[in-house]
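Notes to accompany the following structure.
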Amino acid sequence: MTDVRGRVWRDGKPQDDFEFSAISDYLAEPEALVWCDIYDPDHAILKDLATELDLDSWAVEDAIAEAERTKAAVYRSHTFFTVYAVEVKDPPPDDDSESGLEIHRISGFVLPRGLITVRLSPNFDIEAISQRFDELGGQEHGVGSLVHGLLDVVVDSHFDAVQSLDDSIEAVEDDLFEQNARKSLQRKTFRLRKDLVELRRVVLPMREVVNSIQHRRLDAKTSPELDPLYADLYDHVLRASEWTESLRDMITTVFETNLSLQDARLNTVMKKLTGWAAIIAVPTAITGFYGQNVAYPGIETVGGFITSTSIIVVMVLVLYWMFKRRDWL
Numbered sequence: 003m004t005d006v007r008g009r010v011w012r013d014g015k016p017q018d019d020f021e022f023s024a025i026s027d028y029l030a031e032p033e034a035l036v037w038c039d040i041y042d043p044d045h046a047i048l049k050d051l052a053t054e055l056d057l058d059s060w061a062v063e064d065a066i067a068e069a070e071r072t073k074a075a076v077y078r079s080h081t082f083f084t085v086y087a088v089e090v091k092d093p094p095p096d097d098d099s100e101s102g103l104e105i106h107r108i109s110g111f112v113l114p115r116g117l118i119t120v121r122l123s124p125n126f127d128i129e130a131i132s133q134r135f136d137e138l139g140g141q142e143h144g145v146g147s148l149v150h151g152l153l154d155v156v157v158d159s160h161f162d163a164v165q166s167l168d169d170s171i172e173a174v175e176d177d178l179f180e181q182n183a184r185k186s187l188q189r190k191t192f193r194l195r196k197d198l199v200e201l202r203r204v205v206l207p208m209r210e211v212v213n214s215i216q217h218r219r220l221d222a223k224t225s226p227e228l229d230p231l232y233a234d235l236y237d238h239v240l241r242a243s244e245w246t247e248s249l250r251d252m253i254t255t256v257f258e259t260n261l262s263l264q265d266a267r268l269n270t271v272m273k274k275l276t277g278w279a280a281i282i283a284v285p286t287a288i289t290g291f292y293g294q295n296v297a298y299p300g301i302e303t304v305g306g307f308i309t310s311t312s313i314i315v316v317m318v319l320v321l322y323w324m325f326k327r328r329d330w331l
């Protein structure tokens, strides 16, 4: 079901008269700034809005299409972008095969005096963006301040997700040498690798989005006071990207180390089995004479039995001592 909400500012001050049907009127006011958020839009409603606000038809299709990549595109009358916020599930799932991250897509149409956001995910906390607008203030600087507030919330969610994956990978590293945790270790590692791949798909392209918005003025009235804020935002995006890349190296190291430990354990098992096989072969070789139809010293005598038994015990002890000394057992 389509849900619409929004806010209006005049001269940088919030107002209480937002109505969806009056968006074009707000945009026509020279001192007004408007934000409208549309959740799960009906295609007809969005198409009518696009006609009213002169939005590009391809951008409108991208806003509601499935599996769109993170991007920013500049059109004649507006700028369109698609970004993904990431939420860490709290509490984390009990099943190691279930992802601990939830991804929400947000598309935006940036107009000279307004920002229209389109969401398809019902679980994204849109109030966090509205609160960030109030925390950052600066609505007198134009629509660029709204776009910055939205992207700032998205990038902060990336940091939370990266931090969560970092903690999970460190926990897996601790479990590498724990005997009891080996069975679930491979499943955890595989799940973390999948989460990391999914996170990289939404984090890395953010550099292009922020860079495009930062270096291409959203409209002629964008205030230069926002340049330091966008530069700081771009720095945060770079840090999140670099952190994500370092996590890929970490999880790869964990995966390879786990394989190496498995090979080492297999070699240890084979070494012990070989040692015990050699020890068992001694009594087999000696007592095998009893099954042969040939005469040998001590046959059918108590002394021969004692001699054979003594040889078995001595050779077994010698082999055991030699293998133990070489750490084969």
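So the mapping is simple: our numbering equals the position in the sequence shown, first residue as 1, plus 2.
C-beta atoms are modelled at their ideal positions from N, C-alpha and C, and glycine is treated no differently.
Could you check the C-alpha separation between residue i and residue j for me, to the nearest Å?
i    : j    : result
R134 : R9   : 13 Å
S147 : L57  : 21 Å
M3   : A46  : 13 Å
K49  : F82  : 15 Å
L198 : T246 : 8 Å
A242 : Q264 : 33 Å
T311 : A283 : 14 Å
H143 : L228 : 7 Å
P226 : A233 : 12 Å
R267 : K274 : 11 Å
T276 : S248 : 42 Å
N213 : Y236 : 7 Å
V318 : I281 : 6 Å
V239 : A279 : 60 Å
L220 : V76  : Low per-residue confidence applies at L220: pLDDT is 48, beneath 50, and the placement is therefore not dependable, though the value from the model is reported in the following sentence. About 9 Å.
A74  : E210 : 8 Å
P94  : I314 : 59 Å
W11  : A130 : 18 Å
E89  : S26  : 33 Å
K196 : R250 : 11 Å
E31  : A24  : 11 Å
V316 : D177 : 43 Å
By Cβ distance, which residues of its chain are closer than 6 Å to residue i, with the 5 residues on each side in sequence left out?
i    : result
A222 : With a pLDDT of only 41 at A222, under 50, the local geometry of the prediction cannot be trusted, and no value is derived from it.
F192 : none
Y41  : D5, R121
V155 : A130, I131, R134
M324 : none
R327 : none
Please identify the residue among the options whose C-alpha is closest to the C-alpha of residue i.
i    : options                : result
D97  : F82, C38, E54, K190    : K190
S262 : L240, A280, F179, M324 : F179
A173 : V155, Q141, L194, L153 : L194
H80  : R115, I66, N269, I253  : R115
E100 : D5, R328, I313, S186   : S186
L138 : L231, F126, Q216, E70  : L231
V6   : G14, Q17, K15, E21     : E21
L55  : R78, F325, T309        : R78
S59  : E302, F111, F307       : F111
Less than 7 Å between C-beta atoms, sequence neighbours within five positions excluded: which residues of the same chain meet that for residue i?
i    : result
S123 : H106, R107
P16  : R9
Do residue i and residue j have their CB atoms nearer than 8 Å?
i    : j    : result
D39  : I128 : yes
V149 : L117 : yes
A34  : L103 : no
L167 : L206 : no
D64  : S109 : yes
L29  : L152 : no
A52  : V36  : no
Q165 : N260 : no
V204 : Y86  : yes
E68  : T84  : no
G14  : Q216 : no
E175 : V271 : no
T72  : M208 : yes
Strictly by DSSP, which residues pair up with residue i?
i    : result
R107 : Y86
A30  : None, per the DSSP bridge assignment.
Y41  : D5, R121
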